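Following: one structure in structure tokens, then a few remarks.
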């Protein structure tokens, strides 16, 4: 399973996540976040990552030119859009894109107002975003933009995951990750606050517990 550990701010936490088997490391490049990391520091951490581990940069309503420039400068592999960017924005991003969306009652985050009434939000999301975009289902918080510890709408995420490649985020912890994966069946998961001691500082014991829970669900013995 694809596992992204997000909100990394230091090399020690990045190495701990990689040692546990992380597929990707996420860097929040939005200054308003408590997990913000300066691009120069992110670049140094990325330079120490194995080639097999993807570096993902998280941006929130920042101009496409800025996104592309920073991505190229620090060596990102993927751009994650976590704001209110419209679907057309993805076409202006040079790298592969993860788009954070919130599903459930009402208008999904990141979707323009005035969409047809009466459609489940997964239909709006699946229909609007191009197939090359991987959808990252998170809890809706238009202020903090992720890392809230609040669960996403798992039933809606499961419906979307049957139709599109989905990464599940939102309040995932070592205690609930197996249940979340079993119920949603996502392509991957994205974890931040659920393995932290404080914003931007990971708890290495909780990191290990998270990966152990995923391995147990997949039937993979410990230590492999």
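Residue numbers (our numbering): -3 to 220. Ideal Cβ placement from N, Cα and C applies to all residues, glycine included. Predicted, not measured: the structure shown is a model, and the values here were computed from it.
DSSP links residue 186 through a beta bridge to 0. Remark: fewer than three beta-carbon pairs, one from each stretch, lie closer than 8 Å, so the region 58 to 73 and the region 123 to 130 are not flagged as touching. Under the Cβ criterion (8 Å, minimum of three pairs), the region 193 to 212 counts as touching the region 9 to 22.
Cβ neighbours of residue 193 within its own chain (closer than 7 Å, five residues either side excluded): 199. In this structure, the CA atom of residue 149 is about 11 Å from the CA atom of residue 97.
Look at residue 16 here: in three-state DSSP terms it is helix.
Only exposed fits residue 8, as fewer than 16 other CB atoms lie within 10 angstroms of its CB.
Taking every protein chain shown into account, the CB of residue 90 has fewer than 16 other CB atoms within 10 angstroms, so this residue is exposed. According to the DSSP assignment, residue 91 belongs to no beta strand (DSSP E), since it is labelled neither H nor E.
About 6 Å separates the CB atoms of residue 49 and residue 18; that is less than 8 Å, so the two are in contact. For the set 134, 2 and 37, the Cα lying nearest the Cα of residue 156 is the one of 134. In the three-state reduction of the DSSP assignment, residue 8 falls in the helix class.
With contacts defined as CB atoms closer than 9 Å, residue 56 and residue 74 fail to qualify as a contacting pair. Under the three-state reduction of DSSP, residue 155 is assigned to helix. Of the other Cβ atoms in all chains shown, 16 or more fall within 10 Å of the Cβ of residue 23; this residue is therefore buried.
DSSP places residue 55 inside the beta strand (DSSP E), whose first and last residues are 50 to 55. Between residue 209 and the set 130, 188, 196 and 168, the nearest pair of CA atoms involves 168. Per DSSP, the continuous alpha helix (DSSP H) segment holding residue 201 begins and ends at 200 to 214.
Within a 10 Å sphere around the beta-carbon of residue 76 sit 16 or more other beta-carbons, which makes this residue buried.
According to DSSP, residue 24 shares a beta bridge with 32 and 54.
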